[in-house]
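Okay, so here's the structure we're looking at.
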């Protein structure tokens, strides 16, 4: 025939039976030496080649292998003799080491094993992904109660290996988890305790901590406590019924710090508009009523609204209004109407006694359990022109929060702006199943059924926006939501003026220091949006709740006292308007942001500014204060100090001055009299004599002469020209012929004549 010669290759296969051994403690599988030969299988296969000695040139001819002899049966009875030496389990790792591993994610999601999560280039992780932290090599117990989980593997590669005793008691294990927030989403330092089970007096029996945290930087910590059976101390011949005699006391695994806590840093970045598997839930706002709380939006009251739409998997986010000082309020998360009408209620599933059935035919009976309680992370964000004002979060075991938590999440008024309000709820459950794993051992293919723990979670999120009204009137200090020291809310450039009788504040006789040309005061509003325009909003679900914000409310007035009493005079609209920031008024106002908050007279201005407030400056010129005294004849108001009131007068008190103001919320304060005017008497007293003749009462004699009779009154009169040498010396001064220096000519009868004794 044409082509290369045809040949036949014969094959002989040896069939043996071997024994493999799996180490109880390490889980490794090895081949036991020795084997039993069952026989040989023989085959042949044809091939063509020009060079039969060169196997690389062989060309196989179909069909394939052919059997030459009967196949050796593998159903060959084999007997295995084992000597069982009854000994208690080996004790190792008696001194436990606690290490924390994470963050971890499921890959693929929901069905895959936990693997190390990979951060972005900045070392941050997305906030829309569900993460886990675990106690490295935490105990996993088999049917005999032996811990086979402490494999000694450094799973996170940090050089620290978590280990627990092989004979740890399962019922004694306690894990105390901690979550501390050290930076908010904007990178500002904070010190917020999200979870602290040890302080709370609680613990977890799960070595797994699921988290779904908002943007920020966190420290995740865990402390582990355990007991173990010290079988090394058992006496020969003692049986398992005596094992409790050798159970240790409660021990603490070695941690990283002095408190025996192990830590890992977790940086989270905010993802805009994340998608939640299964769609969003709905946050409801609950007003306190006699029967509890009335939550909305909810069916049937709100059917037909976007919040109860049965055709939308991700319903619209509702808007709410709550009062700043409300004594009772609540928020609650519920399932969406879309899921409810399709038989899904994640809230009910998360709060059920047992987890949902995973429908895994290989699931080990009795291993389906919750991994800890349901957790709900409630968070708020408040921003002003891109600047982060508030970033708060709390951890709750329930899908409902009340007023104490609300005050933490909403520490400041926000009207006319809104908080972004979000909740992430989750609960993790697990079960054990069997997975086949094929591998090569000693040249033989071995299939192991590996006992594997499957972790699953239920997750639901909800979001809304919330207006917090401003119900706090102006105050001198406010509580600092970012620290422990109260925020000063009133600053002024001067709190003392000097005055002298008869002079204006601009023309004071020999003051210790010059008077300021202006009076200025900066005031703080505890609403960071107090100076920002915006529309008001009425809560569509609770109509009694509404914002009340109007920039035209922001009125300022200046007041001070004179000898007679307060200025402006009560009921004098013209004077009241004059000392205000109304059109034509003398009070100037200006809104201040941080860059403008640098008045040289504010002590430590850079350190006093607080982003949780809005600031406003009030100013009036010193020379605009023109109502200190009145002309005795015309009664016209004057800027001069009264002649008859000074610090040598009986019952004297310093005059006062200050501002009063109203905020955009409509709340006002009475005048804050922060300043004083100290008046010194610097006008010389001169003696006038009036003689009335008893026999002729209509005949009067006066000295000195050439003084107008109306100036010869029984009251104080100023007869000198302001600022003259005559007026600048105290003490009694005699009338001195032929003239008196500085005498005001308008007080003379005849201006051409001198004043004579």
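Residue numbers (our numbering): 297 to 1053. Cβ atoms here follow ideal geometry from the backbone N, Cα and C, with glycine treated the same way. Treat the numbers as computed from the prediction; the structure is a model and nothing was measured.
* Candidates 954, 972 and 968: which alpha carbon is nearest residue 948's? -> Checked all of 954, 972 and 968; the closest Cα to residue 948 is 972.
* Since I believe residue 709 is in contact with residue 823 (beta carbons under 8 Å), could you give me their beta-carbon distance rounded to a whole number of angstroms? => Sure, about 4 Å apart at Cβ, within 8 Å.
* Let me know the secondary structure DSSP gives residue 358 once reduced to three states. => Residue state, collapsed to three classes: coil.
* To do: Could you name the residues of the same chain whose beta carbon sits closer than 6 Å to that of residue 452, not counting the 5 residues immediately before and after it, in chain order?
  => Cβ within range, chain order: 397.
* Distance, Cα to Cα, residue 726 vs residue 666? -> Taking the straight line joining both Cα atoms gives about 6 Å.
* Asked: Using the C-alpha atoms, what's the distance from residue 628 back to residue 697?
  -> Approximately 7 Å, taken between the alpha carbons.
* To do: Give a yes or no on contact between the region 340 to 353 and the region 402 to 409, applying the rule of three or more CB pairs nearer than 8 Å.
  => The answer is no - the region 402 to 409 does not touch the region 340 to 353, with fewer than three Cβ pairs under 8 Å.
* Buried or exposed by the 16-neighbour rule on C-beta atoms within 10 Å, applied to residue 626 -> Classification of residue 626: buried, given that the 10 Å Cβ count is 16 or more.
* To do: Determine, using beta-carbon pairs with one atom in the region 870 to 883 and one in the region 908 to 925, whether at least three such pairs fall under 8 Å.
  => By the Cβ rule, the region 870 to 883 counts as touching the region 908 to 925, because three or more pairs are nearer than 8 Å.
* Name the residue from 390, 996, 678 and 442 whose alpha carbon lies nearest to the alpha carbon of residue 1054. => Here the chain covers residues 297 to 1053 and nothing more, so residue 1054 does not appear.
* Taking residue 385 as the reference, which of 989, 578, 465 and 581 has the closest Cα? -> The shortest Cα separation from residue 385 among 989, 578, 465 and 581 belongs to 465.
* To do: Return the CA-CA distance between residue 365 and residue 358, expressed in angstroms with no decimal places.
  => Those two C-alpha atoms are separated by around 20 Å.
* CB residue 827 to CB residue 912, shorter than 8 Å? -> Their beta carbons are under 8 Å apart, which means residue 827 touches residue 912 by this criterion.
* Asked: According to the neighbour-count rule (16 or more other Cβ atoms, all chains shown, within 10 Å of its Cβ), is residue 402 buried or exposed?
  -> Note on residue 402: 16 or more other CB atoms within 10 angstroms of its CB, so buried under the neighbour-count rule.
* Determine the contact status of residue 490 and residue 560, defining contact as a CB-CB distance below 8 Å. => No, the pair does not count as a contact, with Cβ atoms beyond the cut-off.
* Where residue 1019 and residue 805 are concerned, what is the direct C-alpha to C-alpha distance, given to the nearest angstrom? -> Bear in mind that a pLDDT of 48 at residue 1019, under 50, signals an unreliable position, so the number given afterwards is only what the model happens to contain. Distance between residue 1019 and residue 805, taken at the CA atoms: about 8 Å.
* To do: Mind checking which residues open and close the alpha helix (DSSP H) that includes residue 704?
  => Looking at the DSSP string, the run of the alpha helix (DSSP H) that includes residue 704 is 699 to 705.
* Rounded separation between residue 338 and residue 376 - CA only -> Between the alpha carbons of residue 338 and residue 376 lies a gap of roughly 29 Å.
* **For residue 590 and residue 583, the rounded distance between their alpha carbons** => Going from the Cα of residue 583 to the Cα of residue 590 covers about 5 Å.
* Per DSSP, which one or two residues make a beta bridge with residue 1060? -> There is no way to answer for residue 1060, as the model of the chain reaches only from 297 to 1053.
* Asked: Just checking, does the region 863 to 881 make contact with the region 847 to 855 on the three C-beta pairs under 8 Å criterion?
  -> Counting C-beta pairs with one atom in each stretch, the region 863 to 881 and the region 847 to 855 have three or more that are closer than 8 Å, which means they touch.
* Reduced DSSP category for residue 869 - H, G, I as helix; E, B as strand; rest coil -> In the structure shown, residue 869 sits in a helix (DSSP, three-state: H, G or I).
* To do: Tell whether a beta-carbon distance below 8 Å holds between residue 334 and residue 372.
  => Result yes, Cβ atoms of residue 334 and residue 372 sit closer than 8 Å.
* To do: Can you say whether residue 745 is buried or exposed, counting buried as having 16 or more other CB atoms within 10 angstroms of its CB?
  => Exposed, since its Cβ has fewer than 16 Cβ neighbours within 10 Å.
* Asked: So, are the CB atoms of residue 676 and residue 705 less than 8 Å apart?
  -> Taking 8 Å as the cut-off, the Cβ atoms of residue 676 and residue 705 count as close.
* To do: Mind reading off the beta-carbon distance from residue 1060 to residue 525? Whole number of angstroms is fine, and I expect it under 8 Å.
  => Nothing about residue 1060 can be read from this structure; the chain reaches only from 297 to 1053.
* What is the DSSP secondary structure of residue 237, reduced to helix, strand or coil? -> Here the chain covers residues 297 to 1053 and nothing more, so residue 237 does not appear.
* What is the DSSP secondary structure of residue 658, reduced to helix, strand or coil? -> It is coil, neither helix nor strand.
* Presumed contact (8 Å Cβ cut-off) between residue 619 and residue 419, rounded CB distance -> About 41 Å separates the CB atoms of residue 619 and residue 419; that is not less than 8 Å, and the two are not in contact.
* Using beta-carbon positions only, say whether residue 1045 and residue 1003 come within less than 8 Å of one another. => Contact: yes.
* From this set, 443, 300, 482 and 504, which residue's C-alpha is nearest residue 473's C-alpha? -> Ranking 443, 300, 482 and 504 by Cα distance to residue 473 puts 504 first.
* **Residue burial classification, residue 1005 (beta-carbon count within 10 angstroms, cutoff 16)** => Counting every other CB atom within 10 Å of its CB across the protein chains shown gives residue 1005 a total below 16, marking it as exposed.
* Determine the extent of the beta strand (DSSP E) in which residue 646 is found, giving its start and end residues. => Bounds of any beta strand (DSSP E) do not take in residue 646; it lies within the alpha helix (DSSP H) bounded by 642 to 646.
* Can we say the region 716 to 725 touches the region 594 to 607, given the rule of at least three CB pairs closer than 8 Å? -> Verdict: no, contact absent.
* Take every Cβ of the region 681 to 701, pair it with every Cβ of the region 779 to 796, and state whether three or more of those distances are shorter than 8 Å. => Under the Cβ criterion (8 Å, minimum of three pairs), the region 681 to 701 does not count as touching the region 779 to 796.
* Asked: Hey, residue 463 and residue 527: beta-carbon distance below 8 Å or not?
  -> Closer than 8 Å, so yes.
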